[in-house]
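Undergrad: I'd like to ask you about the structure that follows.
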Amino acid sequence: MKHDEKHISSYSSLAVVLVILLALTTISVLATGFHLGPFTVVLALVIACTKVFIVLTQFMHLRFENLFLRLAVTGVFVLFALVVIITFVDYYFR
Amino acid sequence: MAVHQIHTEHTDSETGKLGMWIFLFTELFLFGGLFLVYAIFRAKYSAEFHVAAGELNAFIGAMNTVFLLVSSMTVAMALAAMQKGDRLLTLFLLTVTIILAALFILNKYFEWSHKFEFGIYPGSPVLKNMSHGELLFFGLYYMMTGLHALHVLIGMVLLSITIVRVRARRINSTRYLMLENSALYWHLVDLIWIFLFPLLYLIT
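Line by line, the protein sequences are chains G and B.
In case it helps, the working numbering puts the first sequence at residues -16 to 77.
In case it helps, the working numbering puts the second sequence at residues 411 to 614.
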């Protein structure tokens, strides 16, 4: 196992990540004033998913973890997405 | 009989971190289930959810989002500082994280007590006279933010224990699994709020 060289996040890169996350939050808040109709929900969810992805890869360090862990986390999110999709298919087509 | 002894070096931290992640998966589905219930009822009672969500203060919600995002960065920095062997900076950053968490809880206290003043709390007479959809919205609001706030409190306890251990040098630049796992837990609290905030406060 080659984990001898641990990746240590630099302070500046973490700060940049925070700025990006705050910017996305601002966009999310401002977007509610645009009255985009059903797209408001879509936009809010797209921004939230982007933020979650950034937190997982940067803050939670997944970018530098081994393939097994990265696949496991991806798998869990795919599984949850499937649960959501199947539930809504059931709800709308019953 | 040939015995092949394959010697692989499994360190504590590798397995310990994997265990933490598996626990986080269960947490994700705990909140995921609630999100799903919310989504279905929102589709069913969209008009009532719209009215009820208008009662929430988006400004307080946004402020709490900022607190959690900044605290997520400070805890990530605390881990980096420990890995670099900077013990004092780690202690400082962990303290900042806990203060931000306390501010989040304080905000939540004001937000909830404001709702309570208007008689909006689980099982209140005001709530019982509301429409079915509004009742469901506030039920889910208290359940989801309440469960999340409980996680914030648990995170604060975990981070406090981490501080004590860093002070006692039980967590150091070569052994920092507990710091790493507490940080992961704290990021999860942040992740859940990233979804809670737009769903409850913004989409009206």
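Heads up, the beta-carbon is just placed ideally off N, CA and C, and yes, glycines get one too.
Is Phe47/G close to chain B? Criterion is C-beta to C-beta, closer than 9 angstroms.
TA: It does not; no Cβ of chain B falls within 9 angstroms.
Undergrad: Quick check: Val24/G and Ile613/B, are their CB atoms within less than 9 angstroms of each other?
TA: For Val24/G and Ile613/B, yes; Cβs fall inside 9 angstroms.
Undergrad: Would you call the segment 559 to 577 of chain B and the segment 495 to 503 of chain B touching, i.e. three or more CB-CB distances under 8 angstroms?
TA: Touching, yes.
Undergrad: Closest by CA to Leu45/G, which one among Thr475/B, Leu594/B and Thr425/B?
TA: The option with the nearest alpha carbon to Leu45/G is Leu594/B.
Undergrad: Give the range of the alpha helix (DSSP H) segment to which Asn591/B is assigned.
TA: Counting along the chain, the alpha helix (DSSP H) containing Asn591/B begins and ends at Leu587 to Leu606.
Undergrad: When the Cα of Ser583/B is compared with those of Phe607/B, Leu546/B and Lys494/B, which residue comes out closest?
TA: Among Phe607/B, Leu546/B and Lys494/B, the Cα nearest to that of Ser583/B belongs to Lys494/B.
Undergrad: Check whether the Cβ atoms of Leu(-3)/G and Met483/B lie closer than 9 angstroms to each other.
TA: Going by C-beta atoms, Leu(-3)/G is nearer than 9 angstroms to Met483/B.
Undergrad: For the alpha helix (DSSP H) containing Thr8/G, list its first residue and its last residue.
TA: Element bounds for Thr8/G: Tyr(-6) to Ala14.
Undergrad: On the three-state DSSP scale, how would you describe Lys494/B?
TA: Reduced to three states, the DSSP call for Lys494/B is coil.
Undergrad: Residues in the same chain with beta-carbon distance under 7 angstroms from Phe514/B, minus the five sequence neighbours each way, listed in chain order, please.
TA: If we look at Phe514/B and ignore the five residues flanking it on each side, its Cβ neighbours are Asn474, Phe477, Leu478 and Val562.
Undergrad: Taking the C-alpha atoms as reference points, what is the distance between Ala449/B and Phe76/G?
TA: Taking the straight line joining both Cα atoms gives about 16 angstroms.
Undergrad: Could you give the uninterrupted runs of the alpha helix (DSSP H) lying entirely in the segment 37 to 76 of chain G, keeping only those of 4 residues or more?
TA: 50 to 75, all fully within the segment 37 to 76 of chain G.
Undergrad: Could you tell me if Phe51/G is buried or exposed, where buried requires 16 or more neighbouring beta carbons within 10 angstroms of its beta carbon?
TA: Exposed, because fewer than 16 other Cβ atoms sit within 10 Å of the Cβ of Phe51/G.
Undergrad: Could you give the first and the last residue of the continuous alpha helix (DSSP H) run that contains His102/G?
TA: Chain G is shown only over -16 to 77; residue 102/G falls outside these bounds and no answer can be derived.
Undergrad: If you follow the alpha helix (DSSP H) that Val584/B is part of, which residue opens it and which one closes it?
TA: For the record, residue 584/B in the displayed sequence is Thr; it is not Val. Thr584/B -> no alpha helix (DSSP H), and no H or E assigned at all.
Undergrad: From which residue to which residue does the alpha helix (DSSP H) around His558/B run?
TA: His542 to Arg577 is the span of the alpha helix (DSSP H), which, as asked, contains His558/B.
Undergrad: Got a sec: is the Cβ-Cβ distance from Ser482/B to anything in chain G below 9 angstroms?
TA: At least one chain G Cβ lies under 9 angstroms of Ser482/B.
Undergrad: For Ile30/G, which of helix, strand or coil comes out of DSSP?
TA: Three-state DSSP puts Ile30/G in a helix.
Undergrad: I'd like to check one pair, Leu589/B with Leu615/B: are the Cβ atoms closer than 9 angstroms?
TA: Nothing can be reported for residue 615/B, as the shown portion of chain B is limited to 411 through 614.
Undergrad: I'd like the list of long-range same chain contacts for Val0/G, defined as Cβ closer than 7 angstroms, with 5 residues on each side in sequence excluded.
TA: Only Ile37, Gln41 and Phe42 meet the Cβ criterion.
Undergrad: If we ignore side chains and look at the alpha-carbon of each, how far apart do Ala468/B and Asn517/B end up?
TA: In a straight line, the C-alpha of Ala468/B is about 12 angstroms away from that of Asn517/B.
Undergrad: Based on Cα-Cα distance, which residue from Leu598/B, Ser423/B and Trp603/B lies nearest to Leu48/G?
TA: The sequence given here has Glu at residue 48/G, not Leu. Ranking the options by Cα distance to Glu48/G, first place goes to Ser423/B.
Undergrad: Pairs of beta-carbons, one from the segment 55 to 72 of chain G and one from the segment 550 to 557 of chain B, closer than 8 angstroms: are there three or more?
TA: These segments do not touch.
Undergrad: Can you tell me which of Phe459/B, Ser592/B, Ala453/B and Val506/B puts its alpha carbon nearest to the alpha carbon of Val72/G?
TA: Considering only alpha carbons, the answer is Ala453/B.
Undergrad: Inspect the beta-carbon positions of Phe441/B and Leu546/B and report whether they are closer than 9 angstroms.
TA: No, Cβ-Cβ distance for Phe441/B and Leu546/B is not below 9 angstroms.
Undergrad: Output yes or no for whether 9 angstroms exceeds the beta carbon distance between Phe459/B and Gly543/B.
TA: The answer is yes: Cβ separation under 9 angstroms.
Undergrad: Verify the CB distance criterion: does Phe17/G have a CB-CB separation below 9 angstroms to chain B?
TA: It does not: the Cβ of Phe17/G has no partner Cβ on chain B nearer than 9 angstroms.
Undergrad: What does the Cβ neighbour count give for Pro532/B, buried or exposed, with the cut at 16 atoms within 10 Å?
TA: Exposed.
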